[in-house]
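With my numbering as the guide, the letters of the sequence shown map in order to residues 24 to 673.
Working notes, structure below.
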Amino acid sequence: MRKYFWLLVVGCWLLAIGCARMGQPDGGWYDDDPPRILGSTPADGATGVTTKKVTIQFDEYIKLTDATQKVIVSPPQLEMPEIKEAGKKIVVELKDSLKPNMTYTIDFSDAISDNNEGNPLGNYTFTFSTGEQIDTFEVAGNVLDASNLEPVKGILVGLYDDLSDSAFRKKPLLRVSRTDGRGRFVIKGVAPGEYRVYALQDVDGNYLFNQKSEMIAFSHQTYQPSSKPDIRQDTIWKDTLHIDNIIQVPYTHFYPDDIVLLAFQEIQTERYLLKQPERSEPNRFTLYFSYGHPQLPQIRGLNFNEEEAFILEASAKKDTLTYWLRDTTLINQDTLRMELSYLMTDTAGILYTQVDTVDVLAKRSYEKRQKDLKKEMEEWEKKQEKLKKQGEEYDSIMPPKPLQVNYNVKQQMDPDYLTTFVMPSPLTHCDTTAIHLYTKIDSLWYNTPFDFHQKDSMLRTYEFIAEWQPDTEYSLEIDSAAFVDIYGLASKSYKQGIKVRSMDEYATLLLQLSGINDTTVVVELLDRSDLPIKQVRVENGNAEFFYLSPGTYYVRAFVDRNGNGKWDTGSYDDDLQAEEVYYYPRSIECKAKFDITLPWSLTGMPRTQQKPDAITKQKPDKEQQKLRNRNAERARQLGIEYIKKESVIK
């Protein structure tokens, strides 16, 4: 018995040790060495190559990530190459015929990493030539979104030695690269010569611009690649916080390396019906077009009389058309069959008249609506009967529903706030004499003038404009039945107290612009999400913003060439660039009671450096650096020194 007791004690002790070891972190080091290339067939940099198959051998098992997007072959291949990993090697098989006397580059970007720890090989490019020499020049730069200076990731950038404008429309790009997370591109294997540079978000994979849906960038400037010896500084880090050494590294500097392309997407002018007419509510249906046109569709009713049947509500671009049904009989009709005639573009981009016969179905049938109405009435009657039994006031007849107007009125208001009323349906009656605005002066209320009108091209939106004085109280009062819609629904009475904030609660910002000669500049004040809050037109070189609440702001400007007050895109066939955009390079802190005056040279800083990081949504790819820094970070946490270049732990 004693022997079994000691066996039990020893067993429990061994179990405790095992459990303790399971919970203890091993503290080991990550393998942070990227895969190493042992060789290739043909050799990297080989000349006179005739094979279309490239095999690259590594010292460990590797993985290839998102090869179709990350791996770029130049000159571009119209038939997709076959790129696959096979254990410790990568095999690339080109499908297009090899061009004579041509340098080929296979740019793997960061697609290659080891299989275990995911250590990336880095920006690796394999090169060979079908001729007697390798072309070694490089052309580099950045692609930014023309509308907001965001880096454009993953867009193709390519060269033409054909300097005609038609090349971009008719020929595949000569040599290509793809931008990284910073919008940075490097086109390698470039021969001496003169080139134009283009960017293309290639939708159909033909390496030329043939669809308006493709984002593009173009420039008439030509470039002649060159190089010279140069010195750069490389930083060796002990860990993520401490520098070990800064060394001077000689290298070949290729030019140009500072090209900036501003990419845009042209206005979609191909016109077609996006989907079948939609009738989400029984009293209206909507047509959605890809692009608007002044000539509106013609409707012929096949099971109803279309004359005076609708009130049309069109969007500003006339690409969304809502038809409000006037007649209750039509509203109660589940299916409206009609012949719809509208303009549509053919494959050549020419407008023609398309005629469709369509059935517009109500989302909820008349029978279902009647059941819902009956249920609602029964519930109302039960409620009224309960009130009657309790001796409280009740209604004997169910009153009609009121018109639910959306009053965009704030209790706390800025002096420049634009007040709007949005109606749920078109009006037949609008009584402005039933609208009253009162101002409180020395505890007494006085009538105050205002302007009330329908907003331009907006059927159901009305603007209420008054001269709002700071630090003043107002009362907006609207009588019942001030607004009546086409179905006879009337609005209820409405009352809202308004307090306009005092000037002591605001800041004023004055920007003094320089750097360009255009007089049609519009400046936008932005929030932390890069969204415009206010907009002013520059006058005498100044842009002034009043009534700013304390906070952090950013500023953007654009050259309003056509004077319409909004940014406009470009057009390749019209040789029209998108309107120029500039960012003030820093945030602006506004404090109450302070007036801020800032000079701003729009061209004083390169466009690639203008947009503040805090509002730049497209961030550089950081995953590679995080992987490389894992051991350095672990060393820092353990309080020891780790120098990767010597592979020594001290």
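Glycine included, each C-beta is placed from N, C-alpha and C at the ideal position.
Just so it is clear, the structure is predicted and the values come from calculations on it, not from any experiment.
So does E289 have its beta carbon nearer than 7 Å to some heavy atom of the ligand PLP? Looking for the ligand PLP in the displayed structure turns up nothing, as the structure carries no ligands at all.
So, I290 versus T592, is the Cβ gap smaller than 8 Å? Result yes, Cβ atoms of I290 and T592 sit closer than 8 Å.
Cβ separation of I60 and L87, assumed to be a contact under 8 Å, to the nearest whole Å: Between L87 and I60 the Cβ distance is about 14 Å, and since that is not below 8 Å, they are no contact.
Please report the distance separating the alpha-carbon of D137 from that of F287. Just so you know, the alpha carbons of D137 and F287 end up roughly 37 Å apart.
Nearest candidate by alpha-carbon position, reference R201, set R360, V166, M103, D597: Nearest C-alpha to R201: V166.
Alpha carbons only, please: which of F473, S97, A134, E140 is nearest the one belonging to K122? Distances from the alpha-carbon of K122 to those of F473, S97, A134, E140 put S97 closest.
Could you check which residue in Q535, L101, K176, F81 has the C-alpha nearest to that of L144? Considering only alpha carbons, the answer is F81.
Helix, strand or coil for I270? Go by DSSP, reduced to three states. Reduced to three states, the DSSP call for I270 is strand.
Nearest by alpha-carbon distance to F135: which of E173, P57, T70 is it? Here residue 135 is Ile; the residue named in the question, Phe, does not match the sequence. Among E173, P57, T70, the Cα nearest to that of I135 belongs to P57.
In the DSSP assignment, find the alpha helix (DSSP H) that holds E496 and state where it starts and stops. First-last for E496: 495–501, but that is the beta strand (DSSP E), not the alpha helix (DSSP H).
Below 6 Å CB to CB, which residues in the same chain sit around T148 once its five sequence neighbours on both sides are set aside? So the qualifying residues of the chain are T128, D130, K211.
Got a sec? Which residues, its chain only, sit under 6 Å from Q477 by beta carbon, not counting five neighbours each side? Taking Q477 as the centre and dropping the five residues before and after it, the same chain places the C-beta of Y485 closer than 6 Å to its C-beta, in chain order.
Could you tell me the alpha carbon to alpha carbon distance between F444 and D357, rounded to whole angstroms? Distance between the alpha carbons of F444 and D357 is about 31 Å.
If we ignore side chains and look at the alpha-carbon of each, how far apart do S594 and L548 end up? So the two alpha carbons sit approximately 27 Å from each other.
Under the assumption that P423 contacts L512 (Cβ atoms under 8 Å), give the Cβ distance between them as a whole number of angstroms. With 8 Å as the limit, P423 and L512 qualify as a contact, their Cβ atoms being about 7 Å apart.
Can you give me the C-alpha to C-alpha distance between D188 and E217, rounded to a whole angstrom? Distance between the alpha carbons of D188 and E217: 15 Å.
Report the rounded CA-to-CA distance for V283 versus A566, giving the unit in angstroms. The straight-line gap from Cα to Cα measures roughly 27 Å.
Please report the straight-line C-alpha distance between S420 and E401, rounded to a whole angstrom. Note on identity: in this sequence residue 420 is Ile, with Ser being the wrong assignment. Approximately 12 Å, taken between the alpha carbons.
Name the residue from N563, V523, I521 whose alpha carbon lies nearest to the alpha carbon of L533. Cα-wise, what sits closest to L533 is N563.
Straight-line Cα distance separating D618 from P48: Because P48 sits at a pLDDT of 44, beneath the cut-off of 50, its placement in the model cannot be relied upon, and the following sentence gives the value as read from the coordinates. Going by the C-alpha atoms only, they are around 57 Å apart.
Using the Cα positions of T575 and R584, report the straight-line distance between them to the nearest angstrom. Each residue's Cα considered, the two are about 29 Å apart.
With three or more beta-carbon pairs closer than 8 Å as the criterion, would you say the stretch 246–256 touches the stretch 293–308? As far as the Cβ criterion goes, the stretch 246–256 does not touch the stretch 293–308, which means the pair count is below three.
Identify, in the order they occur along the chain, each residue of the same chain with its Cβ nearer than 7 Å to the Cβ of Q435, setting aside the five sequence neighbours on each side. Closer than 7 Å at Cβ, skipping near neighbours: K522, R524.
Mapping DSSP to helix, strand and coil, what is R630? R630 falls in the helix class under three-state DSSP.
Count the other C-beta atoms from every protein chain shown that fall within 10 angstroms of the C-beta of G68, then say buried if there are 16 or more, exposed otherwise. Around the C-beta of G68, fewer than 16 other C-beta atoms lie within 10 Å, and the residue is accordingly described as exposed.
Give the straight-line distance between the Cα atoms of G177 and G204, rounded to the nearest whole angstrom. As the crow flies, the alpha-carbon of G177 is around 8 Å from that of G204.
Among A615, N328, R349, E602, which one has its Cα closest to the Cα of E676? Because residue 676 is not part of the residues shown, which for the chain are 24 to 673, the question remains open.
Check whether S514 and V428 have beta carbons under 8 Å apart: Contact: yes.
Leaving out the 5 sequence neighbours to the left and right, which residues in its chain are closer than 6 Å to E102 when beta-carbon positions are compared? Cβ neighbours of E102 beyond the five flanking positions: K118, D119.
As assigned by DSSP and simplified to three states, the class of K515: Here DSSP, grouped into helix, strand and coil, assigns K515 to coil.
With a floor of 3 residues, list each beta strand (DSSP E) that falls wholly inside the stretch 528–603, ordered by position along the chain. Counting only runs of 3 or more, we get 530–537, 544–549, 555–560, 565–571, 574–582.
S63 classed as buried or exposed, judged by whether at least 16 other C-beta atoms fall within 10 angstroms: When all chains shown are included, S63 counts as buried.
Grouping DSSP H, G and I as helix and E and B as strand, with all else coil, what is W491? Coil, per DSSP.
Residue range of the beta strand (DSSP E) that T358 falls in? Unbroken beta strand (DSSP E) run through T358: 358–368.
Member of Y365, L571, P65, D227 whose CA lies at the smallest distance from the CA of H316: Of Y365, L571, P65, D227, the residue nearest in Cα terms is Y365.
Determine which residues share a DSSP beta bridge with R609 and list them. Per DSSP, none; premise fails for R609.
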